[in-house]
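Those letters in the sequence shown? Residues 7 to 55, by my numbering.
Glycine residues also receive a C-beta, built at the ideal position from the N, C-alpha and C atoms.
Nothing here was measured: the structure is a model prediction, and the numbers come from that model.
Notes for the one structure printed next.
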Amino acid sequence: QPEVAFAMVQLGLTLKGVSTALDLEEGLAFLDRQMQLRIERGSGRIERG
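Written out as C-alpha coordinates, the structure is:
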(Lines of atoms letter the chains of each structure in order from A and count residues from 1; the text may use other names and numbers.)
(Lines give C-alpha, C1' and ligand atoms only; values in the text may rest on other atoms or scores of the structure.)
Protein backbone atom coordinates (compact mmCIF):
# COMPACT_ATOMS: atom_id res chain seq x y z
CA GLN A 1 0.00 0.00 0.00
CA PRO A 2 2.17 2.90 -1.24
CA GLU A 3 -0.32 5.51 -0.05
CA VAL A 4 -0.17 4.21 3.51
CA ALA A 5 3.62 4.13 3.46
CA PHE A 6 3.76 7.67 2.10
CA ALA A 7 1.35 8.94 4.76
CA MET A 8 3.36 7.27 7.52
CA VAL A 9 6.55 8.94 6.32
CA GLN A 10 4.80 12.31 6.09
CA LEU A 11 3.52 11.91 9.66
CA GLY A 12 6.93 10.84 10.93
CA LEU A 13 5.71 7.41 12.00
CA THR A 14 8.10 4.48 12.17
CA LEU A 15 7.78 0.77 12.75
CA LYS A 16 10.86 0.17 14.88
CA GLY A 17 11.42 -3.49 15.55
CA VAL A 18 9.17 -4.59 12.68
CA SER A 19 10.80 -6.56 9.89
CA THR A 20 9.49 -6.22 6.36
CA ALA A 21 9.98 -8.09 3.09
CA LEU A 22 9.32 -7.22 -0.52
CA ASP A 23 7.34 -10.37 -1.25
CA LEU A 24 6.13 -13.65 0.22
CA GLU A 25 9.22 -15.61 -0.81
CA GLU A 26 11.55 -13.13 0.88
CA GLY A 27 9.33 -13.02 3.97
CA LEU A 28 9.31 -16.80 4.31
CA ALA A 29 13.11 -16.91 3.89
CA PHE A 30 13.44 -14.32 6.67
CA LEU A 31 11.21 -16.34 8.98
CA ASP A 32 13.17 -19.48 8.19
CA ARG A 33 16.43 -17.75 9.14
CA GLN A 34 14.89 -16.46 12.37
CA MET A 35 13.67 -19.93 13.34
CA GLN A 36 17.09 -21.40 12.57
CA LEU A 37 18.71 -18.82 14.86
CA ARG A 38 16.29 -19.72 17.66
CA ILE A 39 17.04 -23.41 17.23
CA GLU A 40 20.78 -22.76 17.31
CA ARG A 41 20.34 -20.77 20.52
CA GLY A 42 18.32 -23.57 22.08
CA SER A 43 15.03 -21.67 22.04
CA GLY A 44 13.09 -23.35 19.25
CA ARG A 45 9.68 -22.72 20.78
CA ILE A 46 7.42 -20.01 19.44
CA GLU A 47 6.46 -17.40 22.00
CA ARG A 48 3.00 -15.94 21.71
CA GLY A 49 2.27 -12.57 23.22
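- Taken atom to atom, the span from the alpha-carbon of residue 14 to that of residue 45 is near 35 Å.
- Excluding sequence positions up to five before and after residue 16, its CB lies less than 7 Å from no other CB in the same chain.
- Boundaries for residue 47: no alpha helix (DSSP H) harbours it, and the DSSP string shows neither H nor E there.
- Residue state for residue 15 is assigned as helix, using DSSP reduced to three classes.
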